Amino acid sequence: MPKKKLTENFIKNLAPPAKQVEYYDTLVQGLILRHTKAGTKSFCYRYYDEQRHQRQTIGKYPAYSLAEARHKVHTYKNPELYKEQENSDSIYTFKKVAELFKQHHLPALRMSTRNEYTRIIDRELLPALAEFEISSISVDHIEKLLDHKANREAAPTMANRMRAVLSSIFSFGIDQRITALNPVHSTDMYEARNRQSKRHYNELEIRELWRCFGKQTQPMGELLKILLVQGQQKNETLQMRWQDIENDIWTIPAEMSRSGDPNKVPLGNISQQVIQSLKPYSGNSQYVFLSPRKQNAPLTTTKNAAQRIRKVSSVKDFKVRYLRQTVCVYMAKLGVEREVLLKLFNYKEGKSSLSSLYDKQSHDESKKKAISRWENCLLDILGGG
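Heads up: the sequence shown begins at 8 in my numbering, then just goes up one per residue.
Structure, rendered in structure tokens:
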């Protein structure tokens with residue numbers, strides 16, 4: 008049972024051990040990081056009570072950050088504060104809302120569905136979210152939890168089931184006037200590994216979509232254009248900051264990257280023009296794609312825009328995630344090497360069966376050439392209409 012001053016980088020970079028290991032934090036007494044053979048990381052609190060050692064589960068990493076786990080230990084060390092928080096009628100934790108959901112919503116469902124919901128809540132959701140105040144749970148919290156299940160644990164189908172249950176719980180909370188928003192609506196479903204959609208847009212569809220993007224209000228239309236030009240993850244692009252753009256390079260920080268690794272993304276001429284056009288709109292905000300509703304906050308969803316585009320265009324199955332697939336397919340047709348695509352789209356080792364074949368060179372110049380090839384192709388496509 009090794010002792011170590013735990014850090015976020017240490018925890019994030021731990022490789023699955025040959026057998027379960029528990030790390031005792033030297034900074035906060037009683038905090039333990041448990042790491043299983045399957046790669047699951049979770050926090051718990053070990054304390055001495057009534058002449059024997061006891062354990063209190065905190066939750067899984069990364070749904071619980073190290074800072075949140077340490078704060079939770081301090082809460083447990085103050086039993087009166089913990090009891091007050093647990094019993095307060097004014098504080099609706101996820102656990103409390105989930106229990107109300109079980110009592111009032113599940114009885115109307117079939118027995119098999121009821122049992123499945125209960126299992127997912129108890130085994131998958133509560134260990135990660137139980138103590139969070141429900142109104143404080145963000146899109147980022149949910150995506151980290153679901154991404155871990157879909158990608159790290161290679162269970163995209165279960166991630167979708169968890170997503171469905173979460174959405175039902177938040178909708179129940181809205182109906183009961185416990186919370187105002189359902190953050191699950193801003194997340195995407197996962198595609199099963201053996202049924203991955205190969206959908207990408209043809210040249211006619213690209214021309215029509217580009218025209219539709221131009222009719223959207225700022226900065227939504229510009230965001231969609233950047234997604235089609237750059238092909239990066241939607242949520243990473245939504246959070247693009249001016250400070251991360253330098254010398255025509257957009258650096259996606261590790262903390263904003265779905266893979267957990269930073270990524271240097273070359274910006275082509277089209278992207279540079281689109282981004283610069285947003286300078287007057289964003290003002291002094293740090294975000295490129297500034298929300299028109301929230302002060303100094305980025306856009307958080309493309310759902311309504313996607314619905315509008317499906318309604319007015321002939322691309323009735325339009326989905327934002329297909330833009331990334333389109334970029335990837337056309338780059339491959341243009342002769343961009345698979346190795347370069349892996350680096351450009353920041354596939355982390357383990358997420359792609361191909362990534363282990365390649366070294367860890369940055370391929371900055373190759374990525375720049377790939378973007379340039381695709382931009383020239385895109386200009387030809389747009390000029391063909």
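Glycine included, C-beta positions come from ideal geometry on N, C-alpha and C. Predicted model only: the values in this text are computed from it and were never measured.
Cβ-based neighbour list, residue i, same chain, cut-off 7 Å, excluding 5 preceding and 5 following
i	result
Thr379	Looking at the sequence shown, residue 379 is not Thr but Ser. Closer than 7 Å at the Cβ level, and outside the excluded window around Ser379, lie Gly275.
His393	A question about residue 393 goes unanswered here, because the residues of the chain that appear run from 8 up to 392.
Ala377	Met338, Val343, Val347, Leu351
Lys10	Tyr31, Thr33
His155	Pro69
Ala157	Pro163, Ala166, Tyr197
Pro24	His42, Lys44
Val80	Val35, Gly37, Leu38, Tyr52
Thr47	Lys67
Residues of its chain near residue i, where Cβ-Cβ distance is below 8 Å and the 5 sequence neighbours each way are ignored
i	result
Ala187	Ser142, Ile181
Lys4	In this structure the chain extends from 8 to 392, so residue 4 is not present and cannot be described.
Ala313	Phe325, Lys326, Val327
Lys374	Lys271, Val272, Pro273, Val347, Lys350, Leu351
Heavy atom of the ligand HEM within 8 Å of residue i beta-carbon
i	result
Val319	Among the components modelled here there is no ligand, and therefore nothing to report on the ligand HEM.
Whole-number beta carbon distance between residue j and residue i, since they are thought to touch under 8 Å
i	j	result
Phe101	Ile144	6 Å
Gln63	Tyr55	So it is not a contact: roughly 12 Å between Cβ atoms.
Leu38	Arg77	6 Å
Lys117	Ile388	Sequence check: residue 117 is Arg here, not Lys. Their Cβ separation, rounded to whole angstroms, is 49 Å, which puts Arg117 and Ile388 out of contact at 8 Å.
Ser193	Thr14	So it is not a contact: roughly 30 Å between Cβ atoms.
Thr125	Lys109	7 Å
Neighbourhood of residue i by C-beta, 6 Å cutoff - its chain only, sequence neighbours within 5 removed
i	result
Lys367	Interpretation of Lys367 is limited by its pLDDT of 44, a score under 50 that renders its predicted location unreliable; no figure is taken from the coordinates.
Gly357	Summary for Gly357: the model assigns pLDDT 46, below 50, so the residue's position carries little reliability, and this model does not support an answer.
Ile128	Ala105
Phe220	Gly228, Leu231, Lys232
Leu306	Leu245, Phe296, Ser298
Phe139	Phe101
Asn242	none
Closest Cα partner of residue i within the set the options
i	options	result
Glu131	Ala105, Ala115, Val327, Phe352	Ala105
Leu210	Trp381, Phe17, Lys10	This sequence places Glu at residue 210; Leu is not what is there. Ranking Trp381, Phe17, Lys10 by Cα distance to Glu210 puts Trp381 first.
Ser292	Ala312, Gln283, Asn303	Asn303
Gln36	Pro23, Leu116, Phe50	Phe50
Met169	Leu386, Val236, Leu133, Pro269	Leu133
Asn407	Pro269, Gln279, Glu15	Outside the shown range of the chain, which is 8 to 392, sits residue 407, and nothing can be said about it.
Leu231	Asn311, Met196, Asn167, Ile185	Asn311
Leu73	His60, Ser193, Asp195, Leu40	Leu40
Cys384	Leu341, Asn353, Lys375	Leu341
Ala161	Leu386, Glu15, Ala45, Ser373	Ala45
His148	Trp257, Gly66, Tyr83	Gly66
Lys151	Leu113, Ile282, Pro190, Arg121	Pro190
Val281	Ser193, Arg184, Val236, Asn122	Val236
His112	Gln61, Ile176, Ile98	Ile176
Ile259	Lys301, Pro269, Lys286	Pro269
Trp217	Glu372, Gly390, Ala137	Gly390
Identity of the residues DSSP links to residue i by a beta bridge
i	result
Arg248	Tyr294
Phe179	For Phe179, which the question treats as bridged, DSSP gives no partner whatsoever.
Cys51	Ile39, Thr64
Ile256	Glu253, Pro273
Asp32	Lys11
Glu140	Thr100
Pro305	Leu297
Below-9 Å beta-carbon distance, residue i vs any chain B residue
i	result
Gln110	Absence of chain B from the displayed structure is noted, only one protein chain being present.
> Between the region 239-252 and the region 204-224, are three or more C-beta pairs nearer than 8 Å?
Replying inline: no
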